[in-house]
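What follows is a set of notes on a single structure, which appears directly below.
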Amino acid sequence: MSHLPFENWIFDREKLTPSQIAELEAHLQTCQQCKRIQTGWKEVETLLHSTPLIPAPPQIVNRFQASLAERKAQRQKRQVRIALFALGGAFVLASMVFVLRLFWTVPPARLLSDLIGWITLAPQRWSEFQYILYYWGSQIPPLALVALVFLLTGWSILLLTLWFLTFQRLSKLGVRGQ
Amino acid sequence: MINHEMDMLIRAQNGDEEAFTSLVLQYQNPVYNLCYRMLGNAQEAEDAAQETFWRAYQAIRRYDRNRSFATWLLSIAAHYCIDQQRKKRITTMEIEDWMEEVIPDHTPEPEKQIRENEERQSIQSLLSSLNPQDRAAVILRYWYECSEEEISQALQLSVSAVKSRLHRARLRLAQQYQSQQYAMTERIRDESPAF
């Protein structure tokens, strides 16, 4: 005996036409298997409709807020670590490229002799630099010198402030600002 | 959708944590209930609800306001619970633990509490006989009155697949219920003293 349309009808009684209901009832009179399914399903359906929603534990919102703050802090720390690691990595890579380039174009012996020469000449270069500074300082009018000092100081303060704000933002908000 | 809720959603999408928390407050019961029905354990359900809200928080900017927020949220919860079930591969022992567990109730009436606990255990043991996706379909259909289309959206299945899953699940539940009743009758008969 085929049970398929009747099994479907048992679960969707509300969608049936009166003739289908009559056909189903007639089938249920003769088929014990479908009868059992119908009896079982009626009980289960009653149980499903009568079982209420389980209320959430009272601490769920507080726990969410705490967990949100913790996860955000962790994510920010991770972002800052990634950003610093990327910066450090880029710096190391650039240094390595620079050093390699230096070694490729200049033989090590030449590099060493140049280095010794540079160290030897450093005091002389320093006094020459001081002389140049002194010469140009004496050529520049005193007012322009003051303006130059102010300009340099201003730029330094501006750059330092920008650096400080960026650092503070990175450590407080994370790289992506969340 | 209610205007207040839409306002909260817009604010939450713009990064307002307070607005998102008020959505958590509003949806904590449906989300927790779904997780509990899926996992059958109060502690795991609470953890799953937390994870659901965290995932929703991360994805809130991608939420399409033309869709129902409740369905979207329940979809996240259902997927998470299905994944958890797959990872866990529940053993018979744990299913028995579910049946033994008594969830703390806040109602002061002990009779009502006992009856509700019995119903919970009964429904939970029936649900545990279904596979996770069929279970999710039944929960969404009967506790949240979701249409087949809404279930298909929430579980990312076709409507025909949802119909087929619901049919299979109902059949299984009916058979399981009959088996439970039969086993209970046998046990009562065995336990009754012979005079």
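Line order of the protein sequences matches chains A and B.
One rule links them: number in our numbering = place in the first sequence (from 1) + 16.
One rule links them: number in our numbering = place in the second sequence (from 1) + 22.
Ideal Cβ placement from N, Cα and C applies to all residues, glycine included.
Below 8 angstroms on C-beta distance, what does residue i contact in chain B?
i: S277 of chain A; result: It is not possible to answer for residue 277 of chain A, since the shown part of chain A is limited to 17 through 194.
i: F80 of chain A; result: T43, V46, Q72, F75, W76
i: E23 of chain A; result: H189, L193
i: F27 of chain A; result: L188, H189, R192, L193
Looking at residue i and the ligand FAD, is the gap between the Cβ and the nearest heavy atom below 7 angstroms?
i: V184 of chain B; result: No copy of the ligand FAD appears in this structure; indeed no ligand is present at all.
Thinking C-beta only, is residue j closer than 8 angstroms to residue i?
i: P154 of chain B; j: C103 of chain B; result: yes
i: V77 of chain A; j: T74 of chain B; result: no
i: Q50 of chain B; j: Y85 of chain B; result: no
i: L162 of chain B; j: A100 of chain B; result: yes
i: T93 of chain B; j: E27 of chain B; result: no
i: L188 of chain B; j: A159 of chain B; result: yes
i: Q106 of chain B; j: A64 of chain B; result: no
i: L186 of chain A; j: A99 of chain A; result: yes
i: F80 of chain A; j: Q178 of chain B; result: no
i: I37 of chain A; j: L193 of chain B; result: no
Out of curiosity, what's the CA-to-CA distance linking residue i and residue j?
i: L103 of chain A; j: P74 of chain A; result: 45 angstroms
i: R91 of chain A; j: L175 of chain A; result: 28 angstroms
i: H43 of chain A; j: Y164 of chain B; result: 27 angstroms
i: F107 of chain A; j: S150 of chain B; result: 57 angstroms
i: T182 of chain A; j: G105 of chain A; result: 19 angstroms
i: N24 of chain A; j: Q197 of chain B; result: 14 angstroms
i: V96 of chain A; j: E170 of chain B; result: 46 angstroms
i: I145 of chain B; j: K93 of chain A; result: 45 angstroms
i: S143 of chain A; j: Y150 of chain A; result: 10 angstroms
i: P34 of chain A; j: A191 of chain B; result: 26 angstroms
i: R142 of chain B; j: Q49 of chain A; result: 27 angstroms
i: T181 of chain B; j: H65 of chain A; result: The identity of residue 181 of chain B in the sequence shown is Val, whereas the question assumes Thr. For V181 of chain B and H65 of chain A, the distance between alpha carbons rounds to 23 angstroms.
i: A160 of chain A; j: G170 of chain A; result: 15 angstroms
i: L195 of chain B; j: D28 of chain A; result: 15 angstroms
i: K185 of chain B; j: G56 of chain A; result: 20 angstroms
i: M115 of chain B; j: F180 of chain A; result: Since pLDDT at M115 of chain B reaches only 46, below the 50 mark, its modelled position is unreliable, and the value read off the structure follows with that caveat. Between M115 of chain B and F180 of chain A, the C-alpha separation is close to 59 angstroms.
i: D212 of chain B; j: Q175 of chain B; result: 48 angstroms
i: E122 of chain B; j: P68 of chain A; result: Here E122 of chain B scores only 48 on pLDDT, less than 50, and its place in the model should not be relied on; the value that follows carries that caveat. Their Cα atoms are separated by approximately 19 angstroms.
i: A138 of chain A; j: A163 of chain A; result: 31 angstroms
i: Q202 of chain B; j: R59 of chain B; result: 19 angstroms
i: T121 of chain A; j: V113 of chain A; result: 12 angstroms
i: A195 of chain A; j: S90 of chain B; result: Not covered by the structure: residue 195 of chain A. The range shown for chain A is 17 to 194.
i: L178 of chain A; j: L168 of chain A; result: 15 angstroms
i: E59 of chain A; j: S147 of chain B; result: 14 angstroms
i: A110 of chain A; j: I82 of chain B; result: 40 angstroms
i: N55 of chain B; j: R77 of chain B; result: 17 angstroms
i: A67 of chain B; j: Y166 of chain B; result: 17 angstroms
i: Q155 of chain A; j: I132 of chain A; result: 35 angstroms
i: L118 of chain A; j: I135 of chain A; result: 18 angstroms
Which residues in chain A have a C-beta closer than 9 angstroms to the C-beta of residue i? List them in chain order.
i: Y164 of chain B; result: E61, L64, H65, T67
i: N55 of chain B; result: P68, L69, I70, P71, A72
i: E27 of chain B; result: The contacting residues do not exist; E27 of chain B stays about 16 angstroms from chain A at best.
i: E208 of chain B; result: Within chain A, no residue comes near E208 of chain B; the closest Cβ sits about 16 angstroms away, beyond 9 angstroms.
i: E68 of chain B; result: A72, P73, Q75, I76, R79
Can you list the residues of chain A that residue i reaches, using a CB-CB cut of under 8 angstroms?
i: Q50 of chain B; result: A72, I76, V77
i: Y79 of chain B; result: L84
Given that residue i touches chain A, what residues does it touch there, using C-beta distances under 7 angstroms?
i: N63 of chain B; result: The premise fails here: N63 of chain B is roughly 12 angstroms from chain A at the closest Cβ pair, so nothing lies under 7 angstroms.
Residue i versus chain B: which residues are under 9 angstroms apart at the beta carbon?
i: R185 of chain A; result: In chain order: nothing, as chain B lies at least about 16 angstroms away.
i: R52 of chain A; result: A196, Q197, Q200
i: F119 of chain A; result: By Cβ distance, chain B contributes nothing, its closest Cβ being about 48 angstroms from F119 of chain A, past 9 angstroms.
Can you pull the chain B neighbours of residue i, defined as C-beta to C-beta under 7 angstroms?
i: G56 of chain A; result: A196, Q197, Y199, Q200
May I ask you to list, following chain order, the residues of the segment 187 to 205 of chain B that have a beta carbon less than 7 angstroms from some beta carbon of chain A?
-> When CB distances to chain A are screened at a threshold of 7 angstroms, the residues of the segment 187 to 205 of chain B falling below it are H189, R192, L193, L195, A196, Q197, Y199, Q200, in chain order.
Using a beta-carbon distance cut-off of less than 8 angstroms, what residues from the segment 139 to 171 of chain B approach chain A?
-> The residues in question are E141, R142, S144, I145, L148, V160, Y164, W165.
Within the segment 58 to 108 of chain B, ranges of the alpha helix (DSSP H) (whole runs, at least 4 residues) | You should have 64 to 81.
Closer than 7 angstroms, Cβ to any Cβ of chain B: which residues of the segment 86 to 104 of chain A, in chain order?
-> R87
Contained alpha helix (DSSP H) runs [length at least 4] in the segment 136 to 174 of chain B, N- to C-terminal order | 154 to 164
What are the complete alpha helix (DSSP H) segments, minimum 4 residues, inside the segment 120 to 172 of chain A?
-> 124 to 155
Mind checking the segment 80 to 102 of chain B against chain A and listing, in chain order, the residues whose C-beta falls within less than 8 angstroms of any C-beta there?
-> Taking 8 angstroms as the cut-off between beta carbons, none of the residues of the segment 80 to 102 of chain B comes near chain A.
Name, going along the chain, the residues of the segment 144 to 177 of chain A whose beta-carbon falls closer than 7 angstroms to a beta-carbon of chain B.
-> none
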